[in-house]
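In the working numbering, the protein residues as written are 168 to 325.
Yeah, the Cβ is synthetic: ideal placement off N, Cα and C, and Gly gets one too.
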Amino acid sequence: MRRWLAAAVLGLSLAGVAKAAIDTYQFRDDAERERYQQLTKELRCPKCQNQDIADSNAPIAADLRREIFRMLGEGKSNQQIVDFMVDRYGDFVRYKPALSGRTWLLWFGPGILLAGGFVVLAVIVRRRRGPATQAAQELSVEERERLAKLLEKEQTHD
């Protein structure tokens, strides 16, 4: 039984190591390594859709990391690399898409919806308060006195 347990633990530990994706690139300096890490965190994996390419184990993410490393080696700027990826995969590949005519809804849509919700809420509250305050203002002096007496009676019975 111990042998089976030891074999199962060993097998499970090796299975985790076998699936780990580790890129081993040689950078010229720490600044280039920092740029690489920044770019891979900034770009979204086209397959995973909710992971950046630094954290994704998808084959396309590995290809994109390799492409970024190649372009850094060619001396391209971060903006040139991002532009290349956007041209190839669309604005979706960026976690923070640039503000343009096609993406203004992504940037301002949530704020517009929130403001619209507040306006609707304010209208609802005003409509509910409106009739009650108007009815109280429309009462004559005699009606107010009668109402006060009725309220007093009600409170004494409770």
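Its Cα nearest to that of Met-238, the residue Leu-206 stands out among Lys-263, Leu-206, Ala-221 and Ser-267. Note that the segment 238-247 does not touch the segment 219-226; fewer than 3 beta-carbon pairs, one per stretch, sit closer than 8 angstroms.
Distance from the CA of Asp-254 to the CA of Arg-233, rounded to the nearest whole angstrom, comes to 17 angstroms. By DSSP's assignment, Asp-219 forms a beta bridge with Arg-211. Arg-261 is bridged by DSSP to Leu-210. Secondary structure of Glu-310 (DSSP, three-state): helix. When the beta-carbon positions are compared, Lys-208 and Ala-198 stay at least 9 angstroms from each other. In the DSSP annotation of this structure, the continuous segment of the alpha helix (DSSP H) that includes Gln-247 starts and ends at 245-256.
Spatial neighbours of Leu-231 in its own chain (CB-CB distance under 6 angstroms, excluding positions within 5 residues in sequence) are listed in chain order as Ile-220. Under the three-state reduction of DSSP output, Gly-242 falls in the coil class, being neither helix nor strand.
Thr-323 carries a helical assignment under DSSP once its states are collapsed to helix, strand and coil. Of all alpha-carbon atoms in Asp-258, Leu-272, Gly-283 and Phe-275, the one lying nearest the alpha-carbon of Pro-213 is that of Asp-258. Judged by their CB atoms, Arg-269 and Arg-211 are not nearer to each other than the 9 angstroms cut-off.
Only residues of its own chain outside the window of five on either side were considered, and among them none has a CB closer than 6 angstroms to the CB of Arg-295.
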